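Have a look at the structure below before the remarks.
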Amino acid sequence: MTEQNGGLAFLPLGGTGEIGMNLNLYRLGETWLAIDCGIGFSGNDTPEAEILVPDPTFIAERKDKLCGLIITHAHEDHIGAVAHVWPLLQCPVYVTPFAGAVLRRKLGEARLLQQVPIHVIPCGGRFEVGPFDLEFIPVTHSVPEAQSVVLRTPEGIVVHTGDWKLDPDPLVGPPTDIKRLKEVGDEGVLALVCDSTNVMKPGASQSEAEVRRSMTDLISGMKGRIAVTCFASNVARVETIAMAAQAAGRTVVLVGRSLRNLDVAARECGYLSGVLPFLSEQDVNDVPDNQLVMIITGSQGEPRSALSRISLDMHPNVSLGEGDTVIYSSRMIPGNERAIMAVQDNLSRRGVTVITDREAFVHVSGHATAGDVSTMYDLVRPKYAVPVHGEWRHLTAHAALAQEKHIAPILLEDGDILRLAPGKVEVVDTAPSGRLALDAGRLLPMNGGVLAARRKMLFNGVVIASFAVDDEGFVIGEPKVSAPGLLDPDDLESVRVREEFANAIDVIPDELRSDDQAFRDAAKTALRRALGRKLQKRPLVDVHVLRV
1 MTEQNGGLAF LPLGGTGEIG MNLNLYRLGE TWLAIDCGIG FSGNDTPEAE ILVPDPTFIA
61 ERKDKLCGLI ITHAHEDHIG AVAHVWPLLQ CPVYVTPFAG AVLRRKLGEA RLLQQVPIHV
121 IPCGGRFEVG PFDLEFIPVT HSVPEAQSVV LRTPEGIVVH TGDWKLDPDP LVGPPTDIKR
181 LKEVGDEGVL ALVCDSTNVM KPGASQSEAE VRRSMTDLIS GMKGRIAVTC FASNVARVET
241 IAMAAQAAGR TVVLVGRSLR NLDVAARECG YLSGVLPFLS EQDVNDVPDN QLVMIITGSQ
301 GEPRSALSRI SLDMHPNVSL GEGDTVIYSS RMIPGNERAI MAVQDNLSRR GVTVITDREA
361 FVHVSGHATA GDVSTMYDLV RPKYAVPVHG EWRHLTAHAA LAQEKHIAPI LLEDGDILRL
421 APGKVEVVDT APSGRLALDA GRLLPMNGGV LAARRKMLFN GVVIASFAVD DEGFVIGEPK
481 VSAPGLLDPD DLESVRVREE FANAIDVIPD ELRSDDQAFR DAAKTALRRA LGRKLQKRPL
541 VDVHVLRV
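So in the UniProt record's numbering, spot 170 of the sequence shown is number 170, and the numbers just go up one at a time.
If you want it as structure tokens, here you go:
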């Protein structure tokens, strides 16, 4: 890649063409600035990995020119990868108080808290990072203290919205600062880099206040245990559920580690002051069923989440059954449909009533609708529109809306380097981009050896054989063959494979038997042949040779 230096440029490394994994870069001269660094959850196309992060290799190779990382808000798809990626970047991180409280807990768990320089910026604050003159503008979202970022440069002004919506009564935090957005628009804005997630929904956004009224009415008429699952970071929704529970004379219990962390961070920053302290899941059986509301993690069907374990009756403290209700106060993230439906089916099988936003008004999106985006363009009046954060269908719908406003849209793929100034606004180069899997604290390339082997095992299985040889390389005893997920140990096919493998290694040439690696490679070939004749599969195979 021939990097285009000078001027002002924008480079998304994650977040265009998909919902999660935001990582955005701006370049002014030769200095880079990062905005957000999030995780995404794998879908049906990547069963070998559970959590994904954007590949930071491009900017990691230029970390000496990276002046900082700005976090717009505390959602996992914007903050969740910081603890995993920061060792590759090693730059200062700029956050609001609430995002800082969330980030410190993540860094503490990763044992990085003392290493990462964190700068807390007040909501609506103006600050400098390297050559960038930056300003936070408060916006409404489904997490406290979401901020849009204004980047003032000698080449022009860019507004990076982050996630946002228009809600005159968001309940937690202030509404979007429309007055300040218009004032920035009056200065003259070169480009608006804008959230596209909910742009296909017409009209204006619904308010969190409407959900609170609906949830209060719903819970007041229920009997039995009530469990509500929502995104842990949605403080306004947690407060809504708690207030609806209190109005019905019910006690609130938090179930799930991320909710407990959220509770601590929120109260630390002055939120949730209007609700009573929550009980822990260890107290759940001390509260009568008709006086209990549980807020539970696992709205997206995550296999290790509290709700998934409850649906399988595997949770150590909480159980649900006939006469109980689970309310899904969240949206279904694309790619998670199968996992969510599996949990809901398991709950229904246990006699639990499941209520989603199809049956009752229990959720509103935190993202801007088409009406909101149209209003944003009227306020900011940019020359260029750069849709981000959404699947491709969202980006194209957003581009069409911008065109209706006579604003030139520019559609980007992850890795496209967009020159914003000087000269013609256009894609001038491409940076390497992609996804890494977060696996037990490690970052693994999706096309690397570990995940390629796991993918092969998922679809074709794995076969492991072992045998012992003497000093001269002759087999001692019978070889062992294990093929979990492919063959039962005692069926006829398994016996046949073991016999054919034993016969094949007996005739391996003598000149290969003195070299362990050569003997092992020849034995692997023999094992593949023994398997392939009947199974019609190509499983991952491995052979262990023990010389005694």
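Positions of the beta carbon are idealized from the N, C-alpha and C atoms, including for glycine. Predicted, not measured: the structure shown is a model, and the values here were computed from it.
The region 100-110 makes no contact with the region 326-338: fewer than 3 CB pairs, one atom from each, lie closer than 8 Å.
Sequence-distant partners of residue 243 (beyond 5 residues in either direction) whose C-beta falls short of 8 Å from its own C-beta, in its chain, are 212, 216, 274, 275. Look at residue 356 here: in three-state DSSP terms it is coil, with no helix or strand label. The three-state secondary structure of residue 21, taken from DSSP, is coil.
With a cut-off of 8 Å on Cβ pairs, the region 399-409 is not in contact with the region 21-34, counting fewer than three such pairs. Considered as a whole, the region 49-125 harbours 57-60, 76-79, 82-89, 97-109 as its complete alpha helix (DSSP H) runs of no fewer than 4 residues, in chain order. The Cβ atoms of residue 199 and residue 522 do not sit closer than 9 Å to each other.
Burial state of residue 313 is exposed, judged by a 10 Å Cβ sphere holding fewer than 16 other Cβ atoms.
According to the DSSP secondary-structure assignment, residue 480 is paired through a beta bridge with 466.
Contact between residue 159 and residue 129 fails: their C-beta atoms lie close to 16 Å from each other, not under 8 Å.
Sorting 298, 476, 221, 152 by C-alpha distance to the C-alpha of residue 258 places 298 at the top.
Under DSSP, residue 147 shares a beta bridge with 138. Per DSSP, residue 542 is one residue of the beta strand (DSSP E) stretching across 540-547.
The beta carbons of residue 469 and residue 475 sit closer together than 9 Å. With a cutoff of 9 Å on beta-carbon distance, residue 22 and residue 78 are scored as near each other.
Per DSSP, residue 241 is not a residue of any beta strand (DSSP E); the alpha helix (DSSP H) it occupies stretches across 235-247.
Of the other Cβ atoms in all chains shown, 16 or more fall within 10 Å of the Cβ of residue 239; this residue is therefore buried. Per the C-alpha coordinates, the member of 117, 307, 369 positioned closest to residue 316 is 307.
Taking C-beta separations shorter than 7 Å and ignoring five residues to either side along the sequence, the partners of residue 282 in its chain run 317, following chain order. Take residue 169, set aside five residues on each side of it, and the residues of its chain with a beta-carbon closer than 6 Å to its own are 207, 209, in chain order. For the set 67, 166, 171, 172, the Cα lying nearest the Cα of residue 178 is the one of 166. As computed with DSSP, residue 328 is found in a beta bridge with 229. Of all alpha-carbon atoms in 421, 82, 148, the one lying nearest the alpha-carbon of residue 122 is that of 148. For residue 189, there is no enclosing beta strand (DSSP E), since its DSSP letter is neither H nor E. Residue 223 places its beta carbon less than 9 Å from that of residue 323. In the structure shown, residue 430 adopts extended strand secondary structure according to DSSP, grouped into three states. With 16 or more other CB atoms across the displayed protein chains lying within 10 angstroms of its CB, residue 284 is buried. Straight across, the Cα-Cα distance linking residue 264 with residue 12 is about 33 Å. Residue 137 places its beta carbon less than 9 Å from that of residue 180. A straight-line Cα-Cα distance of about 19 Å links residue 161 and residue 419. Contact between residue 94 and residue 69 holds: CB atoms are separated by about 7 Å, below the 8 Å threshold. Boundaries of the alpha helix (DSSP H) around residue 216: 208-220. Between residue 145 and residue 96, the beta carbon gap of about 4 Å places them in contact (Cβ cut-off 8 Å). Collapsing the DSSP output to three states places residue 180 in a helix. Residue state for residue 319 is assigned as coil, using DSSP reduced to three classes.
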